[in-house]
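Peer 1: My questions all concern the structure below.
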Ligand SMILES: NC(=O)c1ccc[n+]([C@@H]2O[C@H](COP(=O)([O-])OP(=O)(O)OC[C@H]3O[C@@H](n4cnc5c(N)ncnc54)[C@H](O)[C@@H]3O)[C@@H](O)[C@H]2O)c1
């Protein structure tokens with residue numbers, strides 16, 4: 519029986535990971551440690567709260583006393599860090615909190631792992647640490663050897679954390695791993711990001727802001743496939759290892775928005791092109807051959823199936839997102 523500490527588990531991917539663990543490993547216990555910032559939502563964890571194997575702790579990963587108390591009480595075998603400030607636009611407006619949570623918070627967590635011991639510290643990173651690729655070179659993809667060339671304060675903070683994690687492996691032999699994943703989509707995604715924003719605005723017949731000419735390309739992965747990849751890396755990836763994770767589903771932002779409008783039977787005239795984001799990355803594309811060959815991972819959910827499931831979820835869970843949209 520293992521004890522998992524999932525930081526940032528009241529957010530989008532962390533909560534999906536908690537449900538994945540509770541379903542996949544009936545003998546394991548799961549501790550969620552989350553500060554409940556604007557995008558953390560206890561309602562997301564309603565079903566988990568009803569499970570005796572689950573414990574929720576409200577706490578900040580940059581607070582060593584709170585983190586140490588949690589480690590002392592629960593002695594986690596595996597620590598998976600999802601806690602982060604994750605929205606690029608916010609990082610352009612307010613970089614300081616990104617450095618604090620996304621870099622200092624990781625140091626605090628790893629120091630607790632050193633003090634109390636743990637079988638694995640896994641850092642959930644992003645393909646955005648590699649910067650971007652040109653639109654006219656579809657042959658190019660990010661590999662684990664691609665240089666770190668982050669474009670935004672968000673991606674720079676994530677790249678910094680990755681370097682710190684690698685340094686803790688080298689210096690302290692902390693058993694760490696890192697995954698760098700492409701864009702996720704699925705249930706419980708906060709409605710400020712492209713796919714949930716498009717769905718929730720369209721359902722309210724509100725304008726859909728699209729940056730620039732909408733040609734920026736992202737590589738999309740259904741969230742459950744990301745959760746499966748992290749679990750495989752934690753259990754089977756060597757200490758110190760790093761894996762890219764991606765679905766090989768590249769779409770221009772404008773195609774995604776158009777597709778969602780079509781599926782919801784809403785007019786394309788809802789699209790509104792707005793001034794481009796500063797430093798907007800053109801294209802992300804992941805070469806995931808390492809995790810496929812070394813760990814046997816592959817995505818199980820294609821984009822069409824995943825987007826249909828996501829649309830169904832938002833249509834059937836209006837009580838979850840309507841309040842968030844109203845608050846925003
Ligand atoms: N969403 C994506 O497409 C994507 C892709 C690749 C990697 N990632 C990475 O995955 C992780 C999770 O992303 P997400 O989209 O689920 O984010 P999210 O914004 O939905 O959730 C982040 C969670 O972290 C919590 N949190 C924030 N600051 C905290 C702090 N100081 N202490 C404790 N908890 C804190 C929030 O309350 C929230 O519950 C992030 O590290 C992100 O960089 C995301």
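Numbering (my numbering), first residue to last: 519 to 846. Built from N, CA and C at the ideal position, the CB exists for glycine as well.
(1) Which whole-angstrom value describes the C-beta separation of residue 669 and residue 797, a residue pair presumed to lie in contact below a C-beta threshold of 8 Å?
(2) Can you tell me whether residue 679 is buried or exposed, with buried defined as 16 or more other CB within 10 angstroms of its CB?
(3) Does the stretch 612-625 come close enough to the stretch 572-583 that 3 or more CB-CB pairs lie under 8 Å?
(4) Flag residue 647 as yes when its Cβ comes closer than 6 Å to any non-hydrogen atom of ligand 1, and as no otherwise.
(5) Would you identify the three-state DSSP class for residue 658, choosing helix, strand or coil?
(6) Near residue 557, what residues of its chain come up, given a Cβ to Cβ distance below 8 Å and the 5 sequence neighbours on each side ignored?
(7) Assuming residue 801 and residue 563 form a contact by the criterion Cβ under 8 Å, report the distance between their Cβ atoms to the nearest whole angstrom.
(8) Which residues in the same chain have their Cβ closer than 8 Å to the Cβ of residue 573, if we skip the five residues on either side of it in sequence?
(9) Hey, how far is the Cα of residue 590 from the Cα of residue 778?
(10) If the criterion is Cβ atoms closer than 7 Å, does the pair residue 694 and residue 676 meet it?
(11) Residues in the same chain with beta-carbon distance under 8 Å from residue 751, minus the five sequence neighbours each way, listed in chain order, please.
(12) Count the other CB atoms within 10 Å of the CB of residue 792; is the residue buried (16 or more) or exposed (fewer)?
(13) Which full runs of the beta strand (DSSP E) of 3+ residues lie inside the stretch 700-732, going along the chain?
(14) Span of the alpha helix (DSSP H) holding residue 831?
Peer 2: Judging by the given coordinates:
(1) In this structure, residue 669 and residue 797 form a Cβ contact; the two beta carbons are roughly 5 Å apart against a cut-off of 8 Å.
(2) It is buried - the Cβ of residue 679 has at least 16 other Cβ atoms within 10 Å.
(3) Because the criterion of three Cβ pairs below 8 Å is met, the stretch 572-583 and the stretch 612-625 touch.
(4) For ligand 1, not one heavy atom lies less than 6 Å from the Cβ of residue 647.
(5) Residue state, collapsed to three classes: coil.
(6) Cβ within range, chain order: 529, 530, 604, 605, 708, 710.
(7) Wrong, their Cβ atoms sit about 35 Å apart, outside the cutoff.
(8) Same-chain partners within the cutoff: 547, 548, 549, 550, 592.
(9) Our two residues, residue 590 and residue 778, have alpha carbons roughly 46 Å apart in a direct line.
(10) Between residue 694 and residue 676, the C-beta spacing is not below 7 Å.
(11) So the qualifying residues of the chain are 640, 695, 697, 759, 761, 809, 813.
(12) Result: exposed.
(13) List check, beta strand (DSSP E) in window: 701-703, 726-729.
(14) Segment 821-834, the alpha helix (DSSP H) holding residue 831.
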